[in-house]
Structure formats: structure tokens, C-alpha cells
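Mapping of the sequence shown onto our numbering: residues 13 to 460, in sequence order.
Heads up, the thing below is written out as C-alpha cells.
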Amino acid sequence: MFSNWHDAIKRLLVSFLALLLAGWLIGEPALVVLAGTLGYLVYHLRQLRRLYNWLRDTDFSEPSPPPESKGIWGYIFDGIYLLQRRERQALLELKSIIDKAQESTAALELAVVMINNRGGLEWWNPAAEQLIGLQTPKDKQQLVINLIREPTFIDYYNKARFNRPLKLSSPSNPAVMLEFQITTFGAGERLMLVRDISQLHRLEMMRKDFVGNVSHELRTPITVITGYLETMIDDKKNLPARWIKPIEQMAQQSHRMENIIRDLLTLSQLETRASSKQQTAIQLCSLLREIKQDAEQVFADKQQNIKLDCPDDIYVSGNLSELYSAFSNLVLNAAKYTQPQGDIELTVEKSTKGLAISVKDNGPGIAPHHIPRLTERFYRVDESRSADTGGTGLGLAIVKHVLARHNGKLEIISEPGKGSRFTCILPVERIVEPISVAVNTTSPDPAV
Numbered sequence: 013m014f015s016n017w018h019d020a021i022k023r024l025l026v027s028f029l030a031l032l033l034a035g036w037l038i039g040e041p042a043l044v045v046l047a048g049t050l051g052y053l054v055y056h057l058r059q060l061r062r063l064y065n066w067l068r069d070t071d072f073s074e075p076s077p078p079p080e081s082k083g084i085w086g087y088i089f090d091g092i093y094l095l096q097r098r099e100r101q102a103l104l105e106l107k108s109i110i111d112k113a114q115e116s117t118a119a120l121e122l123a124v125v126m127i128n129n130r131g132g133l134e135w136w137n138p139a140a141e142q143l144i145g146l147q148t149p150k151d152k153q154q155l156v157i158n159l160i161r162e163p164t165f166i167d168y169y170n171k172a173r174f175n176r177p178l179k180l181s182s183p184s185n186p187a188v189m190l191e192f193q194i195t196t197f198g199a200g201e202r203l204m205l206v207r208d209i210s211q212l213h214r215l216e217m218m219r220k221d222f223v224g225n226v227s228h229e230l231r232t233p234i235t236v237i238t239g240y241l242e243t244m245i246d247d248k249k250n251l252p253a254r255w256i257k258p259i260e261q262m263a264q265q266s267h268r269m270e271n272i273i274r275d276l277l278t279l280s281q282l283e284t285r286a287s288s289k290q291q292t293a294i295q296l297c298s299l300l301r302e303i304k305q306d307a308e309q310v311f312a313d314k315q316q317n318i319k320l321d322c323p324d325d326i327y328v329s330g331n332l333s334e335l336y337s338a339f340s341n342l343v344l345n346a347a348k349y350t351q352p353q354g355d356i357e358l359t360v361e362k363s364t365k366g367l368a369i370s371v372k373d374n375g376p377g378i379a380p381h382h383i384p385r386l387t388e389r390f391y392r393v394d395e396s397r398s399a400d401t402g403g404t405g406l407g408l409a410i411v412k413h414v415l416a417r418h419n420g421k422l423e424i425i426s427e428p429g430k431g432s433r434f435t436c437i438l439p440v441e442r443i444v445e446p447i448s449v450a451v452n453t454t455s456p457d458p459a460v
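The following block contains the structure:
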């Protein structure tokens with residue numbers, strides 16, 4: 013290409029010298045050079061007009077051959093035509109990729125919706141029309157929050173907390189339960205995936221009902237059995253010696269069953285009962301101080317050093333009995349698994365992002381591979397250790413559910429031999445001024 017330009021410049025210089033020589037021969041060099049320059053400009057203007065007309069009439073999806081031309085303009089026309097053909101090939105390849113992507117997503121039962129940075133709908137697959145009732149092309153560029161008007165979805169979308177999916181009934185068919193998962197990409201665009209979880213939801217509800225019903229049915233007979241066993245233990249002097257140990261073991265296991273049933277009922281209530289709309293302003297330090305005193309009394313024989321660091325002016329909006337249950341589970345767990353004379357720290361830290369309530373101990377710690385499963389029901393890090401401490405394996409599941417109902421989350425950091433830190437994160441909107449809501453001073457019900 014550079015050689016073509018060099019040739020053009022050489023021809024231009026030769027032409028200029030020829031004009032100058034001709035003008036000198038006739039005695040009018042300036043007039044001849046001026047006439048030649050004007051002719052040269054007219055030639056280039058004509059070529060520019062041909063280029064403009066060609067580009068104006070060209071369909072870039074099928075570029076037409078360039079006008080015939082020689083010299084530098086021939087190179088320009090051919091170069092532009094080559095670029096057009098390359099662009100067309102790139103467009104065809106891109107269109108082929110898009111067509112394949114659309115064909116593949118059209119075959120999915122999963123709804124796929126592309127949302128622009130203004131919140132308008134750009135594209136969706138057929139499953140989106142079935143699951144959430146989108147209409148093509150009527151809903152194109154419509155705001156997604158105008159089409160899915162459920163307040164829970166609007167809050168989820170506007171706050172952009174997409175680390176967890178949202179479960180919601182279909183706006184077009186309330187009998188269908190959907191799971192919404194949104195992720196961001198590009199310059200503020202969002203990709204929304206929606207799947208039908210109706211069958212899973214029904215099975216989950218059946219499981220919850222079953223657990224709740226069985227727990228209710230077992231509570232009365234276990235209470236009766238425990239009562240009789242305690243009566244027999246109180247009167248063990250009248251029992252044959254060989255019966256005393258078996259009866260004490262039976263009483264111990266019946267108490268354990270009572271605790272499991274109590275925790276199962278608590279979980280069942282948390283899962284099936286809607287969050288209370290009447291939120292109460294709770295003085296957090298007062299609540300934690302009461303939990304600290306309870307732990308000191310329950311584990312008085314271990315003589316542990318339980319410290320509380322909490323500003324007195326912090327109030328949170330929430331359900332008192334539920335938060336009491338969550339925080340006390342963490343503190344009692346820390347006391348249960350920390351050795352005598354061990355250290356336990358309760359700290360509250362306030363920031364612009366929210367509130368962090370931490371329970372730190374210097375107990376045995378937990379191996380990293382156990383941490384993701386700690387909030388599962390009945391999951392035990394060490395079966396023998398849990399049996400010795402009398403745990404039900406449901407405490408952290410309760411903590412997780414309580415925090416979820418308060419828009420919070422649980423973070424766990426632990427290392428074997430160095431202790432553990434359990435941190436409850438509550439969002440900033442849960443922090444309230446004490447005068448905005450009546451302060452709750454009623455003692456919480458640990459059973460939630």
C-alpha cells in the first residue's frame with residue numbers, strides 16, 4: 013500500500029515538473045501551473061463525488077463492486093470495498109452466533125430475559141412468555157418492574173442484591189412458583205433467568221408440613237414419658253439398683269428428644285409463618301447482655317470469660333423472640349464448645365453497610381470443608397462431640413432462617429486449633445432510631 017502512495021507522489025511531482033517546463037517554453041509558467049492545478053482539483057472532486065454516490069447507494073449487507081478507477085483512487089475504492097466485504101463476513105458470522113444462541117435458548121425450559129441499563133426488556137425466549145407472561149413485540153422496551161409488579165421483586169431488582177435467587181409466584185399464573193436469578197453484565201445490562209420450581213416447592217411444603225405435624229404429635233407423648241421418668245428418678249431410692257442407670261439414660265435421651273422437637277417446631281414456624289409486619293425497636297445491647305448472663309449461668313462450672321463490647325445507642329428493627337433465639341444459639345454454642353476458663357467475645361460493629369454482631373471464641377475451631385454445611389439440619393462436625401454436649405444439630409439452621417427473615421446473613425470464619433467467629437450481618441435499613449418505634453422491653457420467648 014505504501015508503494016502505491018509513493019508511486020502517486022512520484023507521478024504528481026513529474027506532472028508538476030512537466031507543467032513547469034511547458035510553461036517556461038511558452039513563457040507563462042505560472043498560468044500553466046495554475047491551469048494544471050485546477051484540472052487536478054476538478055479530477056479529485058469528481059472522484060470524491062463518485063465515492064460519495066457509491067457509498068450512499070451501497071447496501072452494507074451486500075456491498076456492490078466499486079466504480080472503475082485508476083491510480084490512487086483505484087486503491088482507495090478497492091480498499092474500502094475490501095473492508096466492506098470483511099465487515100459483511102464478520103456480520104454474517106456474528107448473526108450466525110446470535111441465531112444459534114437464540115435457537116438454543118428457545119429450546120430451554122428456563123426463561124431467559126435480557127434487560128438494558130435503563131431497565132427495559134431487550135429480548136426474551138419463548139419460555140419467558142409462558143412463565144412470566146411476556147408478549148412479543150408488545151412488551152419490548154417496557155420496564156421490567158412495570159410488568160412484574162410484585163413489591164418483593166421490585167425491592168429485589170432495585171437493591172440489586174443478586175447473590176441469592178428470589179422465589180415468587182408467576183405474575184401470569186399464581187399457581188406456578190418461580191425462581192428468579194439476575195446477574196449483571198456489560199455497561200449496566202442485566203440477564204434474568206427464571207425457572208419453574210413448582211414441583212420442588214410442593215415437595216418442600218409437604219416436607220415442612222410433615223416435620224411440623226410429626227413434631228406436634230411427638231411433643232405430648234415425649235413430655236409424658238419425660239415426666240414419668242423424672243418422677244421415677246426423684247424416687248430412685250425405691251427402685252431396684254439395676255434399674256437406676258437405665259432410667260437415668262432414658263431420661264437423658266427423652267430430654268434430648270424434647271430439645272430436638274422444640275427446635276424442629278421453631279424451624280417449622282420460621283419456614284411457614286410469614287414475617288411479622290409489626291417490627292419492634294430492640295435495644296441490641298440489652299438483649300445481648302441478657303444472653304450473656306444466661307450463658308454464664310448455664311455454664312457457670314466452666315468459669316469462662318465472656319466479654320461484651322456493644323454501644324448502648326444501637327437499636328434494630330425486628331422480631332425480638334426470633335433474634336433472641338438466633339443470638340443465644342450462637343453464644344450458647346460458643347460456651348458449649350469452648351474449654352473451661354476460655355474466652356468468648358461478643359462485639360457489635362456499626363458501619364454504613366449495616367450491623368455486624370460477632371461471637372468469637374478460642375475453642376477447638378472447625379475445619380474449612382465443614383463450614384459450608386454448618387447451617388444444614390442435623391449436620392455435625394463431630395458426632396461424638398455433639399452427643400457429649402447434647403446438641404440437636406438444628407441451632408445454626410435456626411440462626412440462618414432468622415437472619416434470612418431479617419434480610420441478613422451469617423458469616424463463619426474458623427480454623428482448627430484457633431477458634432471460630434460467627435458474624436450476623438443485618439442490613440443498614442434494620443438500624444432504627446429509638447424514638448421511631450416503641451422500644452420492646454418484654455422478655456423474649458426462647459421458643460420463638
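Note that CB positions come from ideal geometry on N, CA and C, so glycine has one too.
CA-CA distance, residue 324 to residue 300, rounds to 11 Å.
For the 9 Å CB-CB criterion, residue 237 and residue 326 do not form a contact. Using a C-beta cut-off of 8 Å, the stretch 339–352 makes contact with the stretch 303–320, since at least three inter-stretch Cβ pairs fall below that distance. Between the C-alpha atoms of residue 63 and residue 70 there is a straight-line separation of about 10 Å. Under the three-state reduction of DSSP, residue 339 is assigned to helix. For residue 222, the enclosing alpha helix (DSSP H) starts and ends at 210–246.
In the assembly as shown, residue 172 is an exposed residue. Its beta-carbon has fewer than 16 other beta-carbons within 10 Å.
Closest in alpha carbon position to residue 322, among 243, 36, 368 and 221, is 368.
In the three-state DSSP reduction, residue 45 falls in the helix class (H, G or I). Short of 6 Å from the beta carbon of residue 179, and not among the five residues preceding or following it, lie these beta carbons of its own chain, in chain order: 191.
Apart from the 5 residues on each side of it in sequence, residue 45 sits with its Cβ closer than 8 Å to the Cβ of 28, 31, 32 and 35 in its chain, given in chain order. Fewer than three Cβ pairs drawn from the stretch 184–198 and the stretch 101–121 lie within less than 8 Å of each other, which leaves the two stretches out of contact. With contacts defined by Cβ atoms closer than 9 Å, residue 181 and residue 220 do not form a contacting pair. Secondary structure of residue 147 (DSSP, three-state): coil. The count of Cβ pairs closer than 8 Å, one atom from the stretch 140–147 and one from the stretch 101–108, stays below three, leaving the stretches out of contact. In the structure shown, residue 317 adopts extended strand secondary structure according to DSSP, grouped into three states. DSSP, read as helix, strand or coil, puts residue 330 in strand. It is roughly 35 Å from the alpha-carbon of residue 372 to the alpha-carbon of residue 196. One Cα belongs to residue 441, the other to residue 340, and the distance between them is close to 23 Å. Our two residues, residue 383 and residue 392, have alpha carbons roughly 11 Å apart in a direct line. Taking the CA atoms as reference points, residue 379 sits about 35 Å from residue 295.
Rounded to the nearest angstrom, the gap between the Cα atoms of residue 132 and residue 114 is 19 Å. Distance from the CA of residue 278 to the CA of residue 271, rounded to the nearest whole angstrom, comes to 11 Å. Around the beta-carbon of residue 404, 16 or more other beta-carbon atoms lie within 10 Å, marking it buried. Where residue 434 is concerned, the enclosing beta strand (DSSP E) starts and stops at 431–439. Following the DSSP letters along the chain, one finds residue 272 inside the alpha helix (DSSP H) bounded by residues 253–284. About 13 Å separates the Cβ atoms of residue 330 and residue 413, ruling out a contact at the 8 Å cut-off. Assigned with DSSP and collapsed to three states, residue 159 falls in helix. Residue 111 counts as exposed, since fewer than 16 other beta carbons sit within 10 angstroms of its beta carbon. Under the DSSP assignment, residue 123 falls outside any alpha helix (DSSP H), being part of the beta strand (DSSP E) whose first and last residues are 123–127. Membership of residue 414 in any beta strand (DSSP E) is not indicated; the residue belongs instead to the alpha helix (DSSP H) covering 407–417.
Comparing alpha carbon positions, the residue from 429, 334 and 60 closest to residue 407 is 334. Its Cα nearest to that of residue 387, the residue 423 stands out among 423, 242, 56 and 74. The residue from 298, 93 and 154 with its alpha-carbon nearest to that of residue 328 is 298.
Using a Cβ-Cβ distance cut-off of 8 Å, the stretch 124–139 and the stretch 200–209 are in contact, since at least three pairs of beta carbons, one from each stretch, lie closer than that value.
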